[in-house]
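Chains as they are written, first to last, in my numbering: chain A, 126 to 371; chain B, 228 to 474. Note that beta-carbon positions come from the ideal geometry of N, C-alpha and C, so glycine has one too. These numbers come from a predicted model, not from an experiment. Structure, as structure tokens:
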Amino acid sequence: MSALVAHFRGLPSVQVTLSIALLVLGFLIAAQVTGEKPRTQYSTQERAPLIQTALDLQAQQEALKARILDLRKKIGDLEAQDPTAADSLRQLYADLEDARLAAGLIAISGPGLAFRLEDGTPGAGVDALVSAQDVRVLVQELWLAGAEGIAVNGERISATSAVIDIGGSILVNSAYLAPPYQISAVGPPDLYDRLRSSIAFVDFVHGRIDRAGISLSVAEDASVDLPAFAGTVNLRYAAPAPSGTP
Amino acid sequence: MNNRHVGSTHGAHEGGHARRFPRADTLTSRLTVAAVAGILGVLAVGQLHAQTGAPALEGLSATDLTQLIANLTTGNDQLRAEVTDLSDQQGHLQDAHDRGETTVDQLTADLARIRAWAGLTPVTGQGIAIVVRGRIGGDGVEDLLNELRNAGAEAISVDGIRIVTGVVVAGSPGALSVENDAIGDSFEIHAIGSPQILTGTLTRTGGVIAQIGATYPDAELTVTPADQLTLPATDRSLLPSHGRPQL
Numbered sequence: 126m127s128a129l130v131a132h133f134r135g136l137p138s139v140q141v142t143l144s145i146a147l148l149v150l151g152f153l154i155a156a157q158v159t160g161e162k163p164r165t166q167y168s169t170q171e172r173a174p175l176i177q178t179a180l181d182l183q184a185q186q187e188a189l190k191a192r193i194l195d196l197r198k199k200i201g202d203l204e205a206q207d208p209t210a211a212d213s214l215r216q217l218y219a220d221l222e223d224a225r226l227a228a229g230l231i232a233i234s235g236p237g238l239a240f241r242l243e244d245g246t247p248g249a250g251v252d253a254l255v256s257a258q259d260v261r262v263l264v265q266e267l268w269l270a271g272a273e274g275i276a277v278n279g280e281r282i283s284a285t286s287a288v289i290d291i292g293g294s295i296l297v298n299s300a301y302l303a304p305p306y307q308i309s310a311v312g313p314p315d316l317y318d319r320l321r322s323s324i325a326f327v328d329f330v331h332g333r334i335d336r337a338g339i340s341l342s343v344a345e346d347a348s349v350d351l352p353a354f355a356g357t358v359n360l361r362y363a364a365p366a367p368s369g370t371p
Numbered sequence: 228m229n230n231r232h233v234g235s236t237h238g239a240h241e242g243g244h245a246r247r248f249p250r251a252d253t254l255t256s257r258l259t260v261a262a263v264a265g266i267l268g269v270l271a272v273g274q275l276h277a278q279t280g281a282p283a284l285e286g287l288s289a290t291d292l293t294q295l296i297a298n299l300t301t302g303n304d305q306l307r308a309e310v311t312d313l314s315d316q317q318g319h320l321q322d323a324h325d326r327g328e329t330t331v332d333q334l335t336a337d338l339a340r341i342r343a344w345a346g347l348t349p350v351t352g353q354g355i356a357i358v359v360r361g362r363i364g365g366d367g368v369e370d371l372l373n374e375l376r377n378a379g380a381e382a383i384s385v386d387g388i389r390i391v392t393g394v395v396v397a398g399s400p401g402a403l404s405v406e407n408d409a410i411g412d413s414f415e416i417h418a419i420g421s422p423q424i425l426t427g428t429l430t431r432t433g434g435v436i437a438q439i440g441a442t443y444p445d446a447e448l449t450v451t452p453a454d455q456l457t458l459p460a461t462d463r464s465l466l467p468s469h470g471r472p473q474l
């Protein structure tokens, strides 16, 4: 050991520095080559302002969603801080809390699964890119297996959530999500067993995932976290029907 | 460290002892280190940008970007409206709280709104009715529902069953079911929302109805705007049994 130390001490510091720098350089070049490659490359000049506009809008969206979650929390806190509330009012607060929980407006944790979907290597005649359709099928199969809540890359799936393709990526709740996609679900402890017993899920894995070379991995977890839905619950066209309606 | 470095170079200059570095070599080495460090810096910044920015946007065409911007703009407008509503709601609650009063009416309206949005109560409003005839698979119906949501549908029902989180129309053609109820080869889908937007989105050239027609040529879908539809509440409990609210 002491001989090794002596050997390194004998090396000029410039050589040591250079060796370390070249090592880091190698890592960075490898990371750059593998990590920065978009699924498709375009080079037109007019895209630059469009990309900047999209980035600005995405930043606004993040800020608005954070504001919504913050306001909902403050409202919940104000309701909970009403020590003088009569029993009827306390019941109203409890009903509101239940409605928010049912609607996905409250973050939850529980046993569940976390799937990860990644693009495969493009092959002849097979679309190896993960599509919105792939994500939708997995979400639907999770619902059918008994999932109580699902999120895709941190976007909680609600009654009004759409999952659509945009270029080679997807939009969920109007949020732009890039692969890899993490689909998290909370449900019964045997959620994965239920899922595996679904013929449609097995067909999806063999007929689409395996065939296209898409990577699908799953982890079972005793505590999966799902964020609250941070979108709008405003109704513009629909109104609660008068009581007595079925 | 510094001392040793200074000592060794000083010794070399004096024609001294074990470590002898001709000046030219030292200069070359330093220049090499400087060049490598420069490249390192550029690559590190590039990597940082790739991880913190939106590298996936680089893969979008101008058309895709335009579509993304339209979606983000619409979505942000809705989020702003939600922020305004919630701010008002918080203000009223805070005022009432400060005055020691209660706002039962506002709380009741908020409860009704959330329950209606989630599908826990029946809703009414304008929208579209889609009559489906012929054999179609569950995937085709789900594609249709996804497109309705994307077009802003606020409430949807299939064959009289409210579509909420967890409800999926599944099965092969001729064996469709929703919530364990079989659906025949002829059924209706009702969606509340803007009739113009919903109709336009579904029936546009190359839209979802055209795609379904290509996959399920026996299926016939007819879209009709409706002034007033009433959709039922869901029968299922949406309260999680295994998930717990995060504190």
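Residue j beta carbon less than 8 Å from that of residue i
{"i": "R307 (chain B)", "j": "L189 (chain A)", "result": "yes"}
{"i": "L456 (chain B)", "j": "I419 (chain B)", "result": "yes"}
{"i": "S413 (chain B)", "j": "V359 (chain B)", "result": "yes"}
{"i": "G274 (chain A)", "j": "P472 (chain B)", "result": "no"}
{"i": "G245 (chain A)", "j": "I339 (chain A)", "result": "yes"}
{"i": "P400 (chain B)", "j": "G364 (chain B)", "result": "yes"}
{"i": "A289 (chain B)", "j": "E345 (chain A)", "result": "no"}
{"i": "P459 (chain B)", "j": "I355 (chain B)", "result": "no"}
{"i": "A283 (chain B)", "j": "A303 (chain A)", "result": "yes"}
{"i": "L334 (chain B)", "j": "L217 (chain A)", "result": "yes"}
{"i": "T428 (chain B)", "j": "E374 (chain B)", "result": "yes"}
{"i": "G392 (chain B)", "j": "S342 (chain A)", "result": "It is Thr, not Gly, that sits at residue 392 (chain B) in the sequence shown. No; because the gap between Cβ atoms is not below 8 Å, this pair is not in contact."}
{"i": "S393 (chain A)", "j": "R376 (chain B)", "result": "Past the edges of chain A, shown from 126 to 371, lies residue 393 (chain A), and the structure says nothing about it."}
{"i": "V435 (chain B)", "j": "L214 (chain A)", "result": "no"}
CB contact below 8 Å: residue i versus chain A
{"i": "N407 (chain B)", "result": "no"}
{"i": "S468 (chain B)", "result": "yes"}
{"i": "D337 (chain B)", "result": "yes"}
{"i": "A343 (chain B)", "result": "yes"}
{"i": "I376 (chain B)", "result": "The amino acid at residue 376 (chain B) is misidentified as Ile; the sequence shows Arg. Yes, R376 (chain B) lies at the interface with chain A (some Cβ there is under 8 Å from its Cβ)."}
{"i": "V385 (chain B)", "result": "no"}
{"i": "D312 (chain B)", "result": "yes"}
{"i": "T457 (chain B)", "result": "yes"}
{"i": "V450 (chain B)", "result": "no"}
{"i": "A397 (chain B)", "result": "yes"}
{"i": "P400 (chain B)", "result": "no"}
{"i": "G265 (chain B)", "result": "no"}
Which of helix, strand or coil DSSP assigns to residue i
{"i": "H475 (chain B)", "result": "Residue 475 (chain B) lies beyond the range of chain B shown here (228 to 474); nothing can be said about it."}
{"i": "A173 (chain A)", "result": "helix"}
{"i": "H469 (chain B)", "result": "coil"}
{"i": "A270 (chain A)", "result": "coil"}
{"i": "G237 (chain A)", "result": "strand"}
{"i": "A211 (chain A)", "result": "coil"}
{"i": "S314 (chain B)", "result": "helix"}
{"i": "R362 (chain B)", "result": "coil"}
{"i": "R389 (chain B)", "result": "strand"}
{"i": "S283 (chain A)", "result": "coil"}
{"i": "T335 (chain B)", "result": "helix"}
{"i": "Q455 (chain B)", "result": "strand"}
{"i": "D350 (chain A)", "result": "strand"}
{"i": "T246 (chain A)", "result": "coil"}
{"i": "E447 (chain B)", "result": "strand"}
Test: residue i CB closer than 8 Å to a CB of chain B
{"i": "E171 (chain A)", "result": "yes"}
{"i": "G312 (chain A)", "result": "yes"}
{"i": "I308 (chain A)", "result": "no"}
{"i": "K199 (chain A)", "result": "yes"}
{"i": "P365 (chain A)", "result": "yes"}
{"i": "E273 (chain A)", "result": "yes"}
{"i": "Q183 (chain A)", "result": "yes"}
{"i": "Q216 (chain A)", "result": "no"}
{"i": "G151 (chain A)", "result": "no"}
Any non-hydrogen atom of the ligand SAM closer than 7 Å to residue i Cβ
{"i": "D202 (chain A)", "result": "The ligand SAM is absent from the structure shown, which contains no ligands of any kind."}
Cβ distance (whole Å) where residue i is taken to contact residue j below 8 Å
{"i": "V198 (chain B)", "j": "L403 (chain B)", "result": "The structure shown does not extend to residue 198 (chain B), since chain B is modelled only from 228 to 474, so the question has no answer here."}
{"i": "I296 (chain B)", "j": "L182 (chain A)", "result": "6 Å"}
{"i": "Y351 (chain A)", "j": "I233 (chain A)", "result": "At residue 351 (chain A) the sequence reads Leu, which differs from the Tyr that was named. That belief holds up - the Cβ atoms of L351 (chain A) and I233 (chain A) are roughly 5 Å apart, short of 8 Å."}
{"i": "Q316 (chain B)", "j": "I176 (chain A)", "result": "Between I176 (chain A) and Q316 (chain B) the Cβ distance is about 36 Å, and since that is not below 8 Å, they are no contact."}
{"i": "V311 (chain A)", "j": "V297 (chain A)", "result": "Not really, about 17 Å apart at Cβ, beyond 8 Å."}
{"i": "A228 (chain A)", "j": "A345 (chain B)", "result": "4 Å"}
{"i": "I308 (chain A)", "j": "V260 (chain A)", "result": "7 Å"}
| message | Output needed in chain order: residues of the stretch 278 to 301 of chain A with a Cβ under 7 Å from some Cβ in chain B. | response | Going along the stretch 278 to 301 of chain A in chain order, one finds I282, S283, A284, T285, S286, A287, V288, I289, I291, G292, G293, S294, L296, S299 and Y301 with a Cβ nearer than 7 Å to chain B.
| said: Which residues of the stretch 280 to 299 of chain B have a Cβ closer than 9 Å to any Cβ of chain A? Give them in chain order. | reply: The residues in question are G280, A281, P282, A283, L284, E285, G286, L287, S288, A289, T290, D291, L292, T293, Q294, L295, I296, N298 and L299.
| task | Please list the residues of the stretch 314 to 328 of chain B that have a C-beta atom closer than 8 Å to any C-beta atom in chain A, keeping them in chain order. | result | Of all residues in the stretch 314 to 328 of chain B, the ones placed with a Cβ closer than 8 Å to any Cβ belonging to chain A are S314, Q316, Q317, L320, Q321, H324 and G327, in chain order.
| Contact set between the stretch 223 to 246 of chain A and chain B, restricted to residues whose Cβ is under 9 Å from the partner | Listed by position, the residues of the stretch 223 to 246 of chain A near chain B (Cβ gap below 9 Å) are D223, A224, R225, L226, A227, A228, G229, L230, I231, A232, I233, S234, G235, P236 and G237.
| query | Along the stretch 331 to 344 of chain A, what residues have a CB closer than 9 Å to any CB found in chain B? | reply | Cβ contacts with chain B come from no residue of the stretch 331 to 344 of chain A.
| task | Report the residues of the stretch 411 to 443 of chain B with a CB closer than 7 Å to any CB of chain A, ordered along the chain. | result | Those residues of the stretch 411 to 443 of chain B that come within reach of chain A (Cβ to Cβ, closer than 7 Å) are I419, G420 and S421.
| field | Interface residues of the stretch 346 to 369 of chain B facing chain A [CB-CB below 8 Å] | value | Listed by position, the residues of the stretch 346 to 369 of chain B near chain A (Cβ gap below 8 Å) are G346, L347, T348, P349, V350, T351, G352, Q353, G354, D366 and E369.
| Short-range partners of chain B found in the stretch 255 to 267 of chain A, where Cβ spacing is below 7 Å | Under the 7 Å Cβ criterion, the stretch 255 to 267 of chain A contributes R261 and Q265.
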